[in-house]
Structure formats: structure tokens, C-alpha cells
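The structure appears below as C-alpha cells.
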Amino acid sequence: MAVIVNKEECIGCSACISACPFGAMVMEADKACITDACTVCGACVDTCPVNAITKESEQAAVKIDKAEYKDVWVFIEQIDGQVKNVSHELLGEGRKLADAMGEQLAGVIIGDEVEALSKEVFASGADKVYLVEASELKNYSTDGYTTVFAGLINTYKPSVILIGATNDGRDLGPRVACRVGTGLTADCTNLGIDEQTGLVAWTRPAFGGNIMATILCPEHRPQMGTVRPKVFKRPEQDFSKSGEIIRVASKVKGQGIRTRLLELVKVCTTSCNLEEAEIIVSGGRGMGKPENFRLIEELADVLGGVVGASRAVVDAGWKPHYHQVGQTGKTVGPKVYFACGISGAIQHVAGMSSSDIIIAINKDADAPIFKVADYGIIGDVAEVLPALIEEFKKAKAC
Ligand code: FAD
Ligand code: SF4
Ligand code: SF4
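When we follow this note's numbering, the leftmost residue of the sequence shown carries the number 24, and every step to the right adds one.
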């Protein structure tokens, strides 16, 4: 998407110059011109007295030829030279969509010296990789990655794009969708093909998780969505597979990126990497007070797991937000999930129900958490947790 000045209509009144919050509009030969600093915010459009400024997407929406768009793309998120798990999960799901649509699956890798990651992407099922490498793209930036991704879409015209609903993915997805003039379904929990239309059916919780809404994107392309980590299983990798690498030169210039990464501060190490954890011990308001969380930490420690929390605990300031599991926290899918003193509100369950085994400890036999639990212990966490810790310690010592 872009903002365009129709030079023939422009009467040179300069009203748009002061309306632009980014200083992206300049006058040249008595006509308004838009520079690279334009963020497509649209603030100038309504200020023009002769309607000389338009957003390109409004025009593109009318002209779009959907038949030109094909293939399923997955944004490959990487950090420290490692492909994030969610990208593998989406390659597995993207493979199913591509096969159902009779199209190809591609991974989009953006970064600096990241070509080696292609092997991983092919092993997880991709037929192709679009590779854009430049020193300016070493670290994620909204401006740089949006420009690159939108440029790839405009050139190669994919039909479907899947992006992980991570911090970066949630930043990039809507931005790119807006730039290319399409919609985006955020935080999907299921994907399929709508039988009547052949479109991707994007399913996500709505109205506080009380209903599941299925959304189609019939008029615009590409069809885009973000999907939370751990919603889908990571596919088995086959390293005998390879594919085509399409190298694309980056057009991003340093000055086009308005943010600078000054320092990377790791506030959270493996001890709170909930999305990748195999065992999670979570505590809720039923733990009584923050000091009692030492029992949660001790059990997590004995089992080699990590600590989770309900929102009630996070809101009370007992634990930082990055420990929160649920609709407004992390979606997790460990092998074992302990819910200790957690009632099992729908918003909490939305983030942990895909765990392989759920063990609930609650003193209320009617607590909703027992409806999703595989094993339930009715009792006081102050008594049950020390007993469990003791038994697991003994078992480990054997
Ligand atoms: P409570 O509901 O107060 O439950 C405490 C439980 O502990 C009770 O079942 C009680 O029987 C038990 N208990 C008490 N004492 C003991 C004891 N000594 N031993 C054993 N059991 C005991 N919540 C989330 O967790 N994650 C989210 O992401 C999230 N997002 C939300 C988004 C929205 C839009 C909204 C409206 C709410 C959201 N919530 C979320 C809040 C959610 O609705 C619940 O309020 C919250 O999960 C309750 O937390 P809890 O289970 O720790 O506390
Ligand atoms: Fe400036 Fe926004 Fe208009 Fe671009 S769209 S020229 S950033 S006001
Ligand atoms: Fe031209 Fe419209 Fe800008 Fe005036 S407000 S300079 S007419 S584009």
C-alpha cells in the first residue's frame, strides 16, 4: 500500500506539508511529493482540498486479480541463528494448506547471513525459500522487515501468509497487511480450507473466548493470519529434502529504519521460556501469597520445568507478565502442565488446553479446572505441593 499524489490535480496549496507528522511530504516545482519517510499513515489524505492524495490500496482493491496470487508462505522468525519453533509449526500446517490448494509452500527468511537456515526450512516441508540478506536486517525492525516483506509480496504475489503470533510477528503481520492492502486474522487457533469457497478458514476465539469465529478473506490477497506458538505440532523434519532458494536484493537503506537497537537485555532466560517448555508448573491466586510461590519454583526445579502463572497472580504483582499463561498471556503446549490453585477460567484454559497431560491441584472439587485436567488432586496446595516435591525428589534419587 502506498499514498499517491496525483500531480495533475495538485494545486500546490501546501496544506499536506504541515499535516504530515513524519515530514514525508515536500514541495517540488509547486507540486506535493512524497518521500521515502512516508509511513502510509494516511493523515494527509483528508487535508487535500482537491482530493489529489489517495491511498493506493483503495485503488488496488478494485483492480486485484486473485488468479495472480498463488502459494503459501511462512515467515521464518529467527533469533541468534536459530529458527523459532513456531515457524516450524507453521511450515507443518502450511504444508497441509498448500497440498490441499495444489500449490507450493515457501519460507521467507529475512536477516543477515542466514542462508544456512534454508536447510531447516526445507527439512520442515518447504519447496522454496525467499531469502533477503543485508546487514541492516540483522535484527528485527518494523520498518526494515515491513519494507522487505511488502516488496516480496508485491513482486511474487503469494495467496496465503502465515506468521507466528510472537512479539515480532504481531508487530510485523498487521503492518505488512496494511501496506499491501489486505486483511489479517490475528491469533488463530485453527486453520482449514472452507469447502464452499476454497478460501483459507481462519479460526480464532472471539468475545473473550466464549465463541470460536471462523474468518474468510474473500476480496483481498494475500490471505494473512498470525498463529500462536504451540497451537500446532512441529512436523518431523526430513533433512534429505531440499528446494529452490530465491535470493532477493534488499532495497532497505539504513535511514529508512527509524529505530536503532542499542542493547539487547535478556530479562528472561530458559527459566521462563514457557512456549518451548516441556514441563510447566503454574500457580494461581490459590497459592495465597507471593512467598508461597517458592513451592511452585521448587517443584518446577525438581522436574526441570519452568514457572507459569495465572493472570490473577500477574495482576497482583506476584509474578511478571512474561510468566502469564492464557488468552492475554502465552499459549503453551508442554508435555505436563501443573495448575496449582488455579480455578480454570476460560481465558486461562485457552492458553494451556493443548498440553499433553494436565494435573490440577485445587481445594474446591467443583473448580472448572478439573473439567480439562487428566489428573486431579483435591486438596490444599500448602500440603499437596511439599508432598509432591518430596516424592519427586525421592524418585529422582533412585
Ligand atoms: P481464582 O479464579 O481466584 O482461582 C483461585 C483458585 O484457587 C480457586 O479455584 C480456589 O478454589 C483455589 N484455591 C484457593 N486456595 C487454595 C488452596 N489453599 N489450595 C488449593 N486451591 C486453592 N486469566 C489467565 O490466567 N490468563 C489470561 O491470559 C487471562 N486473560 C484474560 C483476558 C480477559 C479479556 C479477561 C476478562 C480475563 C482474563 N483472565 C486471564 C482472567 C481470568 O478470567 C481469571 O480471572 C483468572 O484466570 C483467575 O486466576 P486464578 O485461577 O489464579 O484465580
Ligand atoms: Fe505523511 Fe502519512 Fe501522508 Fe505519508 S501518508 S505523506 S506519512 S501524512
Ligand atoms: Fe497538492 Fe493537495 Fe498537498 Fe495541496 S494538499 S499541495 S493540492 S496534494
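Backbone N, C-alpha and C fix where the C-beta goes; we use that ideal spot for every residue, glycine too.
Using the three-state DSSP reduction, which class does residue i fall into: helix, strand or coil?
i: V106; result: strand
i: A173; result: helix
i: T249; result: strand
i: K358; result: coil
i: L114; result: helix
i: C295; result: helix
i: G206; result: coil
i: M375; result: coil
i: T62; result: coil
i: P409; result: helix
i: E159; result: helix
i: L287; result: coil
i: V137; result: coil
i: T226; result: strand
i: F98; result: strand
i: E51; result: strand
i: Y179; result: helix
i: G35; result: coil
i: V275; result: coil
i: V254; result: coil
i: K419; result: helix
i: G215; result: strand
i: G187; result: strand
i: K78; result: strand
i: G331; result: strand
What residue does the alpha helix (DSSP H) around residue i start on, and which one ends it?
i: D194; result: 190-203
i: R334; result: 334-338
i: Q370; result: 369-372
i: S366; result: S366 -> no alpha helix (DSSP H), and no H or E assigned at all.
i: A149; result: A149 -> no alpha helix (DSSP H), and no H or E assigned at all.
i: F262; result: Neither: F262 is in no alpha helix (DSSP H) and is coded neither H nor E.
i: I40; result: 38-42
i: I392; result: 392-395
i: E320; result: 316-326
Just mark residue i as buried or exposed, buried being the case when its beta carbon has 16 or more other beta carbons within 10 Å.
i: L287; result: exposed
i: R251; result: buried
i: Q347; result: buried
i: T208; result: buried
i: Y153; result: buried
i: E51; result: exposed
i: I380; result: exposed
i: I102; result: exposed
i: S164; result: buried
i: R202; result: buried
i: N74; result: exposed
i: Q278; result: exposed
i: G35; result: exposed
i: A146; result: buried
i: T58; result: exposed
i: S37; result: exposed
i: R198; result: buried
i: D387; result: exposed
i: D150; result: buried
i: N385; result: buried
i: I216; result: exposed
i: T354; result: buried
i: T169; result: buried
i: I234; result: exposed
i: E116; result: buried
Can you give me the start and stop residues for the beta strand (DSSP E) that residue i sits inside?
i: V131; result: 128-134
i: E267; result: 267-270
i: C71; result: First-last for C71: undefined, no H or E at that position.
i: T220; result: Per DSSP, T220 belongs to no beta strand (DSSP E) and is neither H nor E.
i: T237; result: 234-238
i: V28; result: 26-28
i: I401; result: 398-401
i: A5; result: Only positions 24 to 421 of the chain appear in the structure, and residue 5 is not among them; the question remains open.
i: G311; result: No beta strand (DSSP E) holds G311; DSSP gives it neither H nor E.
i: V304; result: 302-306
i: G352; result: First-last for G352: undefined, no H or E at that position.
i: G46; result: Looking at the DSSP string, G46 is not in any beta strand (DSSP E), and its letter there is neither H nor E.
Would you please verify whether the beta carbon of residue i is less than 8 Å from any beta carbon of chain C?
i: F415; result: In the displayed structure, chain C is absent; only one protein chain is listed.
Using a Cβ-based criterion (distance less than 7 Å to any ligand heavy atom), does residue i qualify as near ligand 4?
i: T351; result: Ligand 4 is absent from the structure shown, which contains only ligand 1, ligand 2 and ligand 3.
Considering only heavy atoms of ligand 3, list every residue whose Cβ is less than 6 Å from one of them, following chain order.
For ligand 3, the selected residues are V28, C33, I34, G35, C36, S37, A38, C39, A55, T70, C71, V73, A75, I76.
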